[in-house]
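Quick notes on the structure that follows.
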Amino acid sequence: MRRLIENRFGLLALVLVALGALYGVAFVSRPAPAAQVRPQAVRAPVESVTAVCPAPSGSRVSVVTPAQDQRNPGQQDQKPGSATLSAIRTPEEKAGGNDDVIDRPGLLWQREIAVGGGPLVVDATGAMAAGLESAQTARETSGTQRGLAGVRCVEPGAESWFVGPGPAAAEMTLYLANPDAAPANVSFMVYSGEGPVLSERGNGVVVKPGQHRVIRLRDLAPSPLIMALQVSTRSGRVAAAVKAVLGEGRGVDWLPVAAAPATRVVVPGIPGTAGQRELYVAAPGERDTVVRIKAVLEDGSYALKNKETIEVPAGSAASLDLSTGIGGQPAALVLESDVPIVAGLKITGTGARQDVAYTAGAASVDLGSVVADGRAEGKQTSWLVLSAPFGAAVAEVQLVPSKGAAPAPVEVKVPAARTKELRLTPPKGSKGGFSVVVRPMPGSGPVYGGRVLDEGVKDGRLLTAQPLAMARTWALVPPTVDEPGAVLP
Amino acid sequence: MHSVTAIVVAHDGARWLKETLAAVLRQARPLDRVVGVDNGSRDGSGALLTEAFGPGNVLALPRSTGFGEAVHEVLRRLPPAPGEEWVWLLHDDCVPDAHALQALLWAAEQDPKAAILGPKLRDWLDRRVLLEMGVTVSRSGRRDTGLEPREYDQGQHDGIADVLSVSTAGMLIRRDVWDELSGLDTALPLFRDDLDLCWRARTAGHRVLNVSDAVAWHAEASARRRRRIATSEEHPRRLDRRNGLFVLMANLPFGALVRSVLRNVFGSVLRALLFLLAKQPANALDELAALGSVIGHPMRLRRARKARKQGRKQGWPAIRRKLTPPGAAFRRLADMVQGFLAGAGPVDSAGRHHAAADRAQEDDGDELLTDSGGVQRVFSSPGVALFLILTVITLVAERTLLPGLLSSDGHLGGGALVPVTGGASDLWRLYVEDHHAAGLGSQTWAPPYVAVLAGLSAVALGKTWLAVAVVLLGCVPLAGISAYAATKRMISYAPARVWLAATYALLPVATGVVAGGRLGTAIVIVLLPVYAALATRVMAGSRRAAWGLGLLLTVGTAFVPLAYVLVAILGGLAAVSFGGIRRGVRRSLVIGLGTPVVLLFPWLVQIAREPGRILLESGLHESGLHVGRLTTPRLAADSLLMLSPGGPGVPPVWATAGLIAVALAALLLRRHQMIVAIGWGVMLFGLLVAIVVSRVDDAAWPGVPLAFAATGLLVAAGHQAHRIAEFRASGGLRRLGAMLIVVVAFATPLAAAALWVTRGADDPLRSDLSDPVPVLAELQSEPGEGTLLLRPKDGTVGYTLMRGRGPLIGESDLTPPRETTERFTTAVAGLASGRGSTYVQTLAASGVRFVTVPGSVDPALRRALDSQPALVRVSLSETGGLWRVAGQVTVPPPPATAGGLHRGWLWAQGGLLVLVLILASPGARTKEPDVDYADAPVEEGPRGRRRAKENKGRKDRVPA
């Protein structure tokens with residue numbers, strides 16, 4: 112050994128051999144590239160839901176919580192719960208004795224609300240919360256309010272968008288309600304066809320806990336013919352809804368809440384009935400944009416001739432008549448833009464006296480969707496329009512009646528870039544309304560859709576529409592870890 | 016007419032006596048009478064006296080006779096001479112100049128009141144060094160010559176001076192005065208008898224003069240312990256101190272005496288403490304014993320005072336003027352501190368004769384020989400130049416970090432470093448508190464590196480960010496200067512040291528440390544060269560180096576436990592290989608390796624329970640999915656071999672190719688193969704550990720083992736570098752080869768510096784981080800209320816709970832109880848999912864008042880938080896969102912803790928630390944040289960050689 116070290120080449124050789132051996136060890140022990148398994152968010156049933164029906168007076172309120180999904184065992188340990196319907200009240204007010212309590216999931220609860228009174232708050236916990244959906248639908252056959260006007264009861268939130276006609280074209284009313292314990296500092300922003308409208312009267316309002324406000328948008332911005340309305344809170348939460356009354360014989364409906372500004376917006380749930388279709392797009396940002404329009408129809412997906420694009424100046428709204436493109440066809444629209452946009456669509460019925468319905472940009476219903484109100488009485492028809500703009504989709508559609516056992520679910524296949532319209536027919540013998548549960552099957556592409564309710568009356572067709580919203584059945588519980596490094600970006 | 020009797024008292028002084036006697040007999044003013052006294056010498060001094068003065072003039076006395084006694088004995092037997100008789104007292108080690116007596120007598124004639132006269136005393140060995148020109152005493156009994164230590168005589172003090180006292184060596188005293196004062200006090204057989212006599216003479220109205228024209232050379236053999244003292248069994252130091260106190264207290268008037276007693280009790284205790292700190296327990300004991308001996312015999316003192324009663328009070332004002340002024344004590348303290356910094360013994364034994372406090376010459380570098388000014392000397396040192404260059408490189412590379420650092424609202428953080436907030440006191444509280452309220456609350460003891468950081472922050476005026484910035488951002492120049500200084504004893508060729516230090520400082524590990532915010536490794540790479548230097552001294556048998564190594568290893572281990580493992584394995588191997596060469600090396604190694612274990616014991620037990628933590632260092636670690644931002648998982652084999660630890664901030668692998676090539680070339684040289692082999696052995700060992708570390712845990716960073724490996728390589732290459740100069744001198748092909756090697760060698764640091772500057776030192780380290788707790792949350796939180804920070808990243812939501820302030824360094828290593836964490840994590844997950852329920856209430860019960868999401872908030876998370884009725888959104892913008900819990904928030908009360916064990920351990924740890932600090936700090940250079948009593952002119956053994964070298968060095972220093 113000593114001689115080896117003292118020999119200069121011996122030492123060099125020794126070191127080189129050792130280095131080679133270490134290289135070999137390091138090379139061999141290098142682990143194979145393992146595909147990182149991302150921790151998946153766990154689906155968990157929602158445990159409490161609060162929703163506000165903005166103006167149920169004279170309307171039928173439907174509340175439903177679909178029965179437990181047998182495919183998901185995680186729901187079994189769900190605590191029993193109940194849903195309470197009560198008039199909105201401040202935290203100090205005692206619970207009234209005449210609150211309706213619903214504690215049976217899997218059955219639709221419906222009730223006609225007497226005229227008068229403010230918003231209704233639906234509070235659900237436990238098993239009744241997972242998937243709770245509620246809606247109010249009014250039906251008038253005469254007067255300015257003639258038509259079917261339905262709206263999904265919304266959860267209070269920090270920001271809502273509405274896209275539709277402006278106060279100059281219709282009587283627009285904003286309903287605000289704050290069922291929380293903290294005051295909501297609400298501000299509005301109206302984007303008209305000429306740009307953002309700055310109201311000199313100030314565009315904010317404070318809604319105290321338990322309070323509700325009804326605001327005529329004409330007071331805020333009298334001139335816009337089309338508009339996108341942003342209702343946001345600087346603090347607190349508010350439930351917002353907008354009703355558009357076009358006038359005697361011209362229809363009435365609520366504007367559904369539109370998806371928040373995004374560069375790709377899908378406007379689903381356009382029914383196959385005849386009539387006008389008018390698209391509203393707004394770009395609330397600071398850049399002009401050209402929005403590319405693609406229609407997803409029953410026979411394919413393509414850009415509409417001469418209506419491939421719509422130019423939207425920065426901070427303003429624009430509209431485009433699509434009646435000749437998608438009129439009479441069940442459809443969804445895919446709008447793409449370089450800057451975030453919001454979009455909505457007006458559906459006009461036919462007849463001497465028209466009724467309108469609105470749909471708006473919506474998210475895909477990955478975790479399923481529930482529509483509370485469906486009708487198939489007399490001349491009323493319920494349609495479900497499902498679209499799969501980005502990949503073939505398979506969904507399970509189930510009706511939930513107000514009495515008796517639910518019929519077996521139906522599997523609906525929507526090929527990629529197609530739209531399918533289903534007529535919802537309740538099982539024989541069931542009375543009254545029903546709810547619709549749509550659950551995409553595992554492996555399905557994103558599903559967008561809407562439910563349309565129409566009724567042929569003698570002087571014109573009554574219409575209301577509601578884009579499918581993600582059901583509040585599931586919440587995705589993200590993997591969560593106590594990590595001191597979270598303080599670093 | 017004068018008559019002068021010279022009395023030479025000899026005691027084992029044959030070494031000097033011959034010269035002394037010759038000088039006495041050669042006086043220009045012949046002596047009237049000469050008397051020799053032999054106090055029982057055993058070295059033939061008696062014979063020398065007899066030979067010189069004749070048998071009739073020599074008196075033989077017993078061995079225990081003191082100087083004063085001997086003189087008394089002579090004068091008792093000697094009949095008075097006619098005329099004015101003078102007695103000239105001479106020691107056997109005191110050589111008067113031929114004209115000394117003449118000058119003294121002349122001075123005596125000038126001043127009729129002069130009764131005692133002394134010559135100017137110079138050193139025996141170095142004959143130009145002044146020893147005394149009259150002596151005074153301070154109020155604390157300290158002998159004071161008023162001269163600088165080792166002051167050369169250039170005539171600067173010349174003249175006839177009225178002084179408090181003169182030494183008995185060469186003292187000329189009028190015999191009638193002697194008789195009047197009854198001479199030297201025989202109770203003081205040695206030391207301070209002269210002071211006592213002169214004090215009494217002055218009190219009696221006589222004058223004491225020092226005559227600079229009279230010169231004598233004095234060896235101070237007794238004071239310097241060149242001979243054994245037979246008159247007393249006590250150590251000369253204690254004797255000197257005791258006599259000093261005694262003389263002072265015997266001669267002071269009463270008021271001054273009381274003050275003096277108080278002053279001396281206080282001063283002695285203080286001095287004893289200082290001695291203890293300086294690891295001179297013998298000195299401390301002597302100090303206290305001397306004081307005790309004076310105060311403990313009040314009768315003796317009273318008798319002495321009684322004998323000196325006459326005229327004491329009247330003479331006092333005149334005496335007081337001659338005492339050392341009070342300011343001198345401070346000057347001495349300053350000198351002492353200066354001496355301590357210079358590496359000399361920190362406390363100079365009070366009252367010693369100057370030459371006895373001789374500075375050891377060993378450590379003074381050759382630099383001191385140059386006459387150039389201090390500034391020029393500092394800047395022309397290659398080490399300082401290297402440091403400055405590395406600093407400039409570092410500043411340029413860190414150009415993006417500096418603005419944020421200097422602005423008030425930016426926080427340094429990123430990578431493994433939490434945004435640095437808080438100060439030294441916060442860190443200190445974190446270290447000592449039993450229950451940590453921070454985060455979810457924890458009872459675990461804070462890791463020891465928190466204490467180190469608290470200390471560093473305290474040095475940086477309590478600013479933790481400054482301490483962290485200096486250590487972390489400055490680790491490159493610090494590592495450079497550390498490597499340069501540490502190789503001083505290993506490598507003598509300065510260019511090689513510069514290359515070595517520059518290469519070491521710019522290793523991929525070092526740049527990776529800065530970018531990754533790895534404070535722990537930053538400290539270890541600065542300390543690593545010091546470990547190497549200390550380890551070589553431990554191998555040479557130095558015990559103090561062993562304590563120092565233990566202390567610094569403790570610091571390194573506290574930050575990076577792996578450093579201990581590496582040093583311990585190398586130390587064990589060294590002990591097996593070289594332990595037999597020197598006595599005590601094994602024990603020193605045990606000290607060096609055992610100190611960290613003892614000082615960090617409870618924490619090491621924790622580490623041992625979770626062996627995976629050995630591979631990790633202080634600071635934040637990545638876990639699970641996020642691995643890959645701070646380390647490179649699946650680090651390639653060639654990266655490891657090229658000393659690149661992966662992770663952010665490391666240069667491409669080829670940057671270190673030059674270093675490897677040069678180190679391989681060093682293997683081919685014939686001489687000093689052993690050191691090259693050892694260096695490569697360390698390299699291979701470090702590499703092996705690095706491979707193991709990087710393969711076992713993806714979150715572990717093999718920086719420290721690769722720094723070890725690089726150190727081995729650098730020593731192997733640097734040690735052979737002086738051969739370059741030889742090759743260059745030999746010309747031809749060899750010269751070309753040498754040039755090539757130099758180019759290749761310097762390619763590594765230059766390339767590393769260029770790449771570093773190009774890339775920049777930041778990312779993920781940043782200096783512009785905002786405080787993780789939003790200002791609004793900080794302002795509106797009650798004490799104890801927390802802010803929950805959520806950060807969704809790669810599909811997971813990371814969270815951390817902060818109580819009113821951002822997390823401190825070290826808080827990330829605290830582990831809250833498992834069930835608390837699980838409960839809280841479930842609640843946070845529920846909150847982030849937006850599924851409703853009472854999760855917010857659960858959080859509120861843990862004291863969460865605010866929920867903050869920094870950065871642009873993920874829409875899903877924003878929806879989830881907005882959907883919580885109990886959360887009120889306070890703000891939302893591109894820079895983050897803040898929600899406030901609307902309802903009742905209860906801050907959980909701290910649990911009752913039994914902190915006795917922790918407290919006890921902290922005290923024990925502090926005590927042990929102080930002990931190790933004392934043992935490791937420079938103190939008394941060697942043990943008391945007891946063996947030198949005989950002081951044979953030629954000594955055997957290493958100590959003698961060293962002394963010879965010292966003396967030679969001192970001679971060398973005489974200016975021409």
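Each protein sequence line maps, in turn, to chains A and B.
If you read the first sequence in our numbering, its first letter stands for residue 112, the second for the next number, and so on.
If you read the second sequence in our numbering, its first letter stands for residue 16, the second for the next number, and so on.
Beta carbons are placed, not taken as given, at the ideal position from N, Cα and C, and that holds for glycine.
From a predicted model like this one, the values you see are computed outputs, not experimental measurements.
Does at least one heavy atom of the ligand NAD sit under 7 Å from the Cβ of L340 of chain A?
No copy of the ligand NAD occurs in the structure displayed, which carries no ligand at all.
Beta strand (DSSP E) runs wholly inside the region 420-497 of chain B, at least 3 long, in chain order
426-428
Taking Cβ-Cβ distances shorter than 8 Å, what residues in chain A pair up with I706 of chain B?
In the second sequence, counting from the first residue as 1, residue 706 of chain B sits at position 691. Simply L133, V136, A137, S140.
Cβ pair A394 of chain A, I337 of chain A closer than 8 Å
Counting from 1 along the first sequence, the entry for residue 394 of chain A is found at position 283. Counting from 1 along the first sequence, the entry for residue 337 of chain A is found at position 226. No, the Cβ-Cβ distance between A394 of chain A and I337 of chain A is not below 8 Å.
Considering only residues of the same chain and omitting the five flanking positions on each side of R4 of chain B, which have a CB-CB separation below 8 Å?
With chain B represented from 16 up to 975, any question about residue 4 of chain B goes unanswered, as that position is not in the structure.
Is any beta-carbon of chain A found at less than 8 Å from that of G851 of chain B?
Within the second sequence, residue 851 of chain B is the residue found at index 836, counting from 1. G851 of chain B belongs to the set of residues whose beta carbon lies under 8 Å from a beta carbon in chain A.
In terms of alpha-carbon separation, which member of B:V73, B:P341, B:S56, B:R552 lies closest to V49 of chain B?
In the second sequence, residue 49 of chain B corresponds to position 34, counting from 1. It is B:V73.
Check whether chain A comes within 8 Å of Y814 of chain B, counting only Cβ atoms and requiring the distance to be less than that.
Translated into the one-based positions of the second sequence, residue 814 of chain B becomes position 799. Taking CB atoms only, Y814 of chain B has a neighbour in chain A less than 8 Å away.
Are H13 of chain B and L829 of chain B closer than 8 Å when you measure CB to CB?
Outside the modelled stretch of chain B, which goes from 16 to 975, sits residue 13 of chain B, for which no answer is possible.
DSSP bridge partner residues for V481 of chain A (one or two, in chain order)
Stepping through the first sequence from its first residue, residue 481 of chain A is reached at position 370. In the DSSP output, where bridge partners are listed per residue, V481 of chain A has A:V548.
With a 10 Å radius around its C-beta and 16 neighbouring C-beta atoms as the bar for buried, classify T584 of chain A as buried or exposed.
Indexing the first sequence from 1 puts residue 584 of chain A at position 473. So T584 of chain A counts as buried.
For I629 of chain B, the first and last residue of its enclosing beta strand (DSSP E):
For the purposes of this step, residue 629 of chain B is taken as residue 614 along the second sequence, with counting starting at 1. Neither: I629 of chain B is in no beta strand (DSSP E) and is coded neither H nor E.
With C-beta atoms as the reference, is T183 of chain B less than 8 Å away from D211 of chain B?
Taking the second sequence and counting its residues from 1, one reaches residue 183 of chain B at position 168. Taking the second sequence and counting its residues from 1, one reaches residue 211 of chain B at position 196. No, these two residues do not count as a Cβ contact at 8 Å.
Residues in the region 656-674 of chain B with C-beta within 9 Å of chain A's C-beta atoms, listed in sequence order?
So the close ones are L656.
Along the beta strand (DSSP E) that carries M300 of chain A, what are the first and last residues, could you check?
The residue given as residue 300 of chain A occupies position 189 in the first sequence. Here the beta strand (DSSP E) through M300 of chain A covers 295-303.
For R286 of chain B and E302 of chain B, what's the separation of their Cα atoms in angstroms?
Here residue 286 of chain B corresponds to residue number 271 of the second sequence, with the count starting at 1. Here residue 302 of chain B corresponds to residue number 287 of the second sequence, with the count starting at 1. Going by the C-alpha atoms only, they are around 8 Å apart.
Apply the 10 Å Cβ neighbour rule to F345 of chain B and answer buried if 16 or more other Cβ atoms are within range, or exposed otherwise.
Locating residue 345 of chain B in the second sequence gives position 330, counting from the first residue. The residue in question, F345 of chain B, is exposed, as its Cβ has fewer than 16 Cβ neighbours within 10 Å.
Measure the C-alpha to C-alpha separation of S180 of chain B and P134 of chain B and round it to an integer number of angstroms.
Translated into the one-based positions of the second sequence, residue 180 of chain B becomes position 165. Translated into the one-based positions of the second sequence, residue 134 of chain B becomes position 119. Between S180 of chain B and P134 of chain B, the C-alpha separation is close to 11 Å.
Is the CB-CB distance between A724 of chain B and G696 of chain B below 8 Å?
For the purposes of this step, residue 724 of chain B is taken as residue 709 along the second sequence, with counting starting at 1. For the purposes of this step, residue 696 of chain B is taken as residue 681 along the second sequence, with counting starting at 1. In this structure, G696 of chain B does not lie closer than 8 Å to A724 of chain B by Cβ.
Do S159 of chain A and G851 of chain B have their C-beta atoms within less than 8 Å of each other?
Counted from its first residue, the first sequence places residue 159 of chain A at position 48. Counted from its first residue, the second sequence places residue 851 of chain B at position 836. Yes, these two residues count as a Cβ contact at 8 Å.
Below 8 Å, how does it come out for the region 135-151 of chain B and the region 227-239 of chain B: are there three or more Cβ pairs, yes or no?
yes
From what residue to what residue does the alpha helix (DSSP H) around M554 of chain B run?
What you label residue 554 of chain B is simply residue 539 of the second sequence in a count that begins at 1. Note, M554 of chain B: alpha helix (DSSP H), 534-554.
If you count every other CB in all the chains shown that lies within 10 Å of the CB of L357 of chain A, and 16 or more means buried, which is it?
Translated into positions along the first sequence, residue 357 of chain A becomes position 246. Taking every protein chain shown into account, the CB of L357 of chain A has 16 or more other CB atoms within 10 angstroms, so this residue is buried.
V605 of chain B, enclosing alpha helix (DSSP H) - first and last residue:
Counting from 1 along the second sequence, the entry for residue 605 of chain B is found at position 590. Residues 600-614.
Rounded to the nearest angstrom, how far is the Cβ of A406 of chain A from that of L444 of chain A, given a contact under 8 Å?
Sequence index remark: in the first sequence, residue 406 of chain A carries index 295 (1-based). Sequence index remark: in the first sequence, residue 444 of chain A carries index 333 (1-based). That belief holds up - the Cβ atoms of A406 of chain A and L444 of chain A are roughly 6 Å apart, short of 8 Å.
State the Cα-Cα distance for the pair T518 of chain B and L729 of chain B, rounded to the nearest angstrom.
Looking up residue 518 of chain B in the second sequence gives position 503. Looking up residue 729 of chain B in the second sequence gives position 714. So the alpha carbons of these two residues sit roughly 8 Å apart.
What do you get for V273 of chain B, buried or exposed, if any count of 16 or more other CB atoms within 10 angstroms of its CB means buried?
The count along the second sequence starts at 1 and reaches residue 273 of chain B at position 258. Exposed.
Can you find a CB in chain B that lies within less than 8 Å of the CB of A629 of chain A?
The shown model of chain A, from 112 to 600, leaves out residue 629 of chain A, and the question about it has no answer.
Can you check whether the CB of G502 of chain A is closer than 8 Å to the CB of A473 of chain A?
As a first step, residue 473 of chain A is located in the first sequence; it is residue number 362 there, counting from the start. As a first step, residue 502 of chain A is located in the first sequence; it is residue number 391 there, counting from the start. One thing to note: A473 of chain A has its Cβ no nearer than 8 Å to the Cβ of G502 of chain A.
Span separating the alpha-carbon of L521 of chain B from that of T406 of chain B
Here the question's residue 521 of chain B lines up with position 506 in the second sequence. Here the question's residue 406 of chain B lines up with position 391 in the second sequence. So the two alpha carbons sit approximately 11 Å from each other.
Contact between the region 433-444 of chain B and the region 769-789 of chain B (3+ Cβ pairs under 8 Å)
yes
Note down the Cα distance separating A203 of chain B from Y499 of chain B, rounded to an integer number of angstroms.
Sequence index remark: in the second sequence, residue 203 of chain B carries index 188 (1-based). Sequence index remark: in the second sequence, residue 499 of chain B carries index 484 (1-based). A quick correction: the sequence has Leu, not Ala, at residue 203 of chain B. Between L203 of chain B and Y499 of chain B, the C-alpha separation is close to 55 Å.
For V812 of chain B, which residues of its own chain have a beta-carbon under 6 Å away from its beta-carbon, when the five flanking residues on both sides are left out?
Counted from its first residue, the second sequence places residue 812 of chain B at position 797. Closer than 6 Å at Cβ, skipping near neighbours: L805, A847.
For the alpha helix (DSSP H) that contains Y987 of chain B, what are its first and last residues?
Outside the modelled stretch of chain B, which goes from 16 to 975, sits residue 987 of chain B, for which no answer is possible.
Using the Cβ count rule (16 or more neighbours within 10 Å means buried), how would you classify R388 of chain A?
Locating residue 388 of chain A in the first sequence gives position 277, counting from the first residue. So R388 of chain A ends up on the buried side.
I'd like to know if T836 of chain B contacts chain A, where contact means its C-beta is closer than 8 Å to some C-beta of that chain.
Within the second sequence, the letter at position 821 stands for residue 836 of chain B. Proximity of T836 of chain B to chain A, defined by a Cβ-Cβ separation below 8 Å, is satisfied.
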